[in-house]
Amino acid sequence: MDKRLERILPRVQKPARYVGGEYNAVMKDLSQVDTRVAFCFPDTYEIGMSNLGMRILYGIMNNMDGVWCERVFAPWGDMEEEMRRAGLPLYALESGDPIRDFDIIAFSVGYEMAFPAMLNMLDLAGVPLHASERTELTPLVIAGGTAMFNCEPIADFIDIAEIGEGEEMNAELIELHRRARREGWTKPQFLRAAAQLDGIYVPGLYEVDYNADGTVKSITPKCGAPKVVTKRIMRDMDKAWYPAKTIVPSTEIVQDRTTLELFRGCIRGCRFCQAGYVYRPVRNRSEKLLVEYAKEAIEDSGYEEMTLSSLSTSDFRPLVELCDDLEEFCAQRHVNLSLPSLRADNFSMALMERLQKGRKTGLTFAPEAGTQRLRDAINKNVTEQEILDTCAIAEEDLLASCRRAFAGGYSAVKLYFMLGLPTETDEDVLGIAEVASHVMHAWRESASNKNRGVRITVSTSWFVPKAHTAFQWEPQIPKEEYERRVKLLRENMLTKSVTYNWHDSDTSYMEAVISRGDRRLCRVIETAWRKGEHLSAWEEYFSLDRWLEAFEECGLDPHFYANRKREKDELMPWAMISSGVTEQYLWREHERCYQSVTTPDCRTHCNGCGANLLLGRPCDG
Numbered sequence: 236m237d238k239r240l241e242r243i244l245p246r247v248q249k250p251a252r253y254v255g256g257e258y259n260a261v262m263k264d265l266s267q268v269d270t271r272v273a274f275c276f277p278d279t280y281e282i283g284m285s286n287l288g289m290r291i292l293y294g295i296m297n298n299m300d301g302v303w304c305e306r307v308f309a310p311w312g313d314m315e316e317e318m319r320r321a322g323l324p325l326y327a328l329e330s331g332d333p334i335r336d337f338d339i340i341a342f343s344v345g346y347e348m349a350f351p352a353m354l355n356m357l358d359l360a361g362v363p364l365h366a367s368e369r370t371e372l373t374p375l376v377i378a379g380g381t382a383m384f385n386c387e388p389i390a391d392f393i394d395i396a397e398i399g400e401g402e403e404m405n406a407e408l409i410e411l412h413r414r415a416r417r418e419g420w421t422k423p424q425f426l427r428a429a430a431q432l433d434g435i436y437v438p439g440l441y442e443v444d445y446n447a448d449g450t451v452k453s454i455t456p457k458c459g460a461p462k463v464v465t466k467r468i469m470r471d472m473d474k475a476w477y478p479a480k481t482i483v484p485s486t487e488i489v490q491d492r493t494t495l496e497l498f499r500g501c502i503r504g505c506r507f508c509q510a511g512y513v514y515r516p517v518r519n520r521s522e523k524l525l526v527e528y529a530k531e532a533i534e535d536s537g538y539e540e541m542t543l544s545s546l547s548t549s550d551f552r553p554l555v556e557l558c559d560d561l562e563e564f565c566a567q568r569h570v571n572l573s574l575p576s577l578r579a580d581n582f583s584m585a586l587m588e589r590l591q592k593g594r595k596t597g598l599t600f601a602p603e604a605g606t607q608r609l610r611d612a613i614n615k616n617v618t619e620q621e622i623l624d625t626c627a628i629a630e631e632d633l634l635a636s637c638r639r640a641f642a643g644g645y646s647a648v649k650l651y652f653m654l655g656l657p658t659e660t661d662e663d664v665l666g667i668a669e670v671a672s673h674v675m676h677a678w679r680e681s682a683s684n685k686n687r688g689v690r691i692t693v694s695t696s697w698f699v700p701k702a703h704t705a706f707q708w709e710p711q712i713p714k715e716e717y718e719r720r721v722k723l724l725r726e727n728m729l730t731k732s733v734t735y736n737w738h739d740s741d742t743s744y745m746e747a748v749i750s751r752g753d754r755r756l757c758r759v760i761e762t763a764w765r766k767g768e769h770l771s772a773w774e775e776y777f778s779l780d781r782w783l784e785a786f787e788e789c790g791l792d793p794h795f796y797a798n799r800k801r802e803k804d805e806l807m808p809w810a811m812i813s814s815g816v817t818e819q820y821l822w823r824e825h826e827r828c829y830q831s832v833t834t835p836d837c838r839t840h841c842n843g844c845g846a847n848l849l850l851g852r853p854c855d856g
């Protein structure tokens, strides 16, 4: 361990997150390694170690001969201050070596507000921020994750963006980088070759011009780069690598449990949900293989909880059978099965009975909207009756779900909504309070033990329009209007035993700005970072004033990005990136929103989104 680090650790919070040495962390003999990858997560250890994608890719790269992938996380503010004071560069947890000496620096980015943290990590490492300043093949700076579906706001800083799922893409890129170093290619030669790999986007090979009104005029590929980069997917999930032997953290993390990924994609079509579109098409893992993975992961890790995870877990067809197969094994080892991402319209009594055998930790549902009209407009395809019945058994999906839960012994329900959705009115806002009241009534009718009391938590967030969704053309409502709607709901949330929480508006506003931004925002993000925006995903370190100052200095208007409705024919900044879902389909869904017309889920029938073409066959919906 570096002597500087030894002196620092006693002075910072949670020092365990900075030392490595965890169970299952991969150590290699450097004499047998020809490619070193610094796998960077631009957030804290507690967040990054909970990320399943990072666990998967870490394992895949370390299974490659001659490749050593090591983890790097963003330091908390106190640690960063100590590192800068001591002159300690950013290092990898496994070896403790500075990441500036690695061959590849790879970021996993799922959230736009993590962009400043990326710059901060590069700076802490002593690596030039701009891709144009890094003229050699090493270190190569790449980034993947959901946020890369619009990576234009960081186009100046990364050499490569990986679009889609990285299992195969990472290996291909590493092999190409090896060849380039072996044969003495220049960096431009390598980037031109990399751009020919499926799913690889090289921002430097695209020229962007703008109209007088600030909108994008044209996006022109150079040096043979493809006009459109289509995302990569794993076509057969049974052949996809699963991290059965995963690193067990040495300190508490946000999701301190092992995770079993059931499938990728989503059969639903919620019009606001970026993940629901960009993770299409639906691809299932086989139940038999999942049982094997689950048993191996539990035996190896010693965790007392396993999460069965996907975008909509209860849509996994053999879910009940899977729970049955794991029931005895988990019971013997006192392992609790947790099922997040449940939907009120298919929360069955059979599923409830299996959950009852474990610890009752409460249930979470996301109706998203307070009235049926608005739920139809956003294509939530769930009714209030279904929600209520799940929490007892009469007004539709939402209430049905609550009734079942209360009757089964649950006494805590969390309900998530959004404010500012397209077509939302005050009636829709007040509908949230009505739903909370109905859930309370369902508890009074159906609770098996009223002496325990009930905890109903209602949370609202501010709608953020995202790229590659049916709402990518929509504006975010102004901050003042969002705060007015929060106030309206607070004043009408009168039901006892209901707690109302609402999301901070400032970070959501900036998220909307960046998520719909173009590469001119690179200057803004760098300016905001230089002003102190290092961990913008955290309210403790976020300052809207710093961001607004950065926009003013760069001569750009944040409202242009967040609060402007975009026309059908406007060229989007991310037009060179394809999620596999066609623009025609997205616009059709956008129009159906204003008609409050729902689109059936993929299991009912194929709606022709286009994503199944990536498979070459019908999806597993």
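Heads up: the sequence shown is residues 236 to 856, going by the working numbering. A virtual CB, placed ideally from N, CA and C, is assigned to each residue, including glycine. Predicted model only: the values in this text are computed from it and were never measured.
With a cutoff of 8 Å on beta-carbon distance, A747 and P700 are scored as near each other. DSSP places E442 in the uninterrupted beta strand (DSSP E) bounded by 441 to 445. Straight across, the Cα-Cα distance linking A566 with R610 is about 39 Å. L574 and T542 have their alpha carbons spaced roughly 6 Å apart. Going by DSSP, Y735 is part of the beta strand (DSSP E) stretching over 733 to 737. As DSSP reads the structure, G379 sits in a beta bridge with S343.
Bounds of the alpha helix (DSSP H) holding Y820 are 818 to 829. Of the candidates P351, Y280, A532, G459, the residue whose Cα lies closest to the Cα of V759 is P351. In this structure, S485 places its C-beta atom within 8 Å of the C-beta atom of G256.
Sixteen is the threshold: since fewer than 16 other Cβ atoms of the shown chains lie within 10 Å of the Cβ of P853, the residue is exposed.
The three-state reading of DSSP puts E407 in helix, counting H, G and I together.
In the structure shown, L654 adopts extended strand secondary structure according to DSSP, grouped into three states. In the three-state scheme derived from DSSP, where H, G and I count as helix and E and B as strand, V517 is classed as coil. Beta-bridge annotation (DSSP): S696 is paired with M653. Assignment of alpha helix (DSSP H) within the region 776 to 800, counting only whole runs of 4 or more residues, yields 779 to 789, 793 to 797 in chain order.
By DSSP's assignment, N297 forms no beta bridge with any residue. Short of 7 Å from the beta carbon of W476, and not among the five residues preceding or following it, lie these beta carbons of its own chain, in chain order: I291, G294, I295, E402. Between the region 735 to 743 and the region 367 to 380 there are fewer than three C-beta pairs closer than 8 Å, too few to call the two in contact.
In the DSSP assignment, E305 falls within the unbroken beta strand (DSSP E) covering 302 to 308. Counting the other Cβ atoms within 10 Å of the Cβ of M262 gives fewer than 16, which makes it exposed. When only Cα atoms are considered, L372 and D836 end up about 46 Å apart. Annotated three-state conformation of F425 is helix, per DSSP.
Judged by DSSP secondary structure, T742 falls within the alpha helix (DSSP H) whose first and last residues are 740 to 750. Taken in chain order, the unbroken stretches of alpha helix (DSSP H) that lie wholly in the region 512 to 577 and span 4 residues or more are 522 to 536, 554 to 567.
Distance from the CA atom of D336 to the CA atom of S330, rounded to whole angstroms, is 12 Å. In the DSSP assignment, V674 falls within the alpha helix (DSSP H) that extends over 661 to 681. Contact between Y258 and I482 holds, since their C-beta atoms are separated by about 7 Å, short of 8 Å. Using a C-beta cut-off of 8 Å, the region 802 to 815 makes contact with the region 465 to 472, since at least three inter-stretch Cβ pairs fall below that distance. Look at K701 here: in three-state DSSP terms it is coil, with no helix or strand label.
The region 685 to 704 makes contact with the region 508 to 517: 3 or more CB pairs, one atom from each, lie closer than 8 Å.
When DSSP reads this structure, S813 sits in a beta bridge with T465. For E718, the closest C-alpha among the options D661, R413, S771 is that of D661. Straight-line spacing of the CA atoms in F564 and S646 works out to 27 Å. Sequence-distant partners of T494 (beyond 5 residues in either direction) whose C-beta falls short of 6 Å from its own C-beta, in its chain, are L287, T542, S544. One Cα belongs to L654, the other to I667, and the distance between them is close to 10 Å.
By the Cβ neighbour-count rule, S521 is exposed, with fewer than 16 other Cβ atoms within 10 Å of its own.
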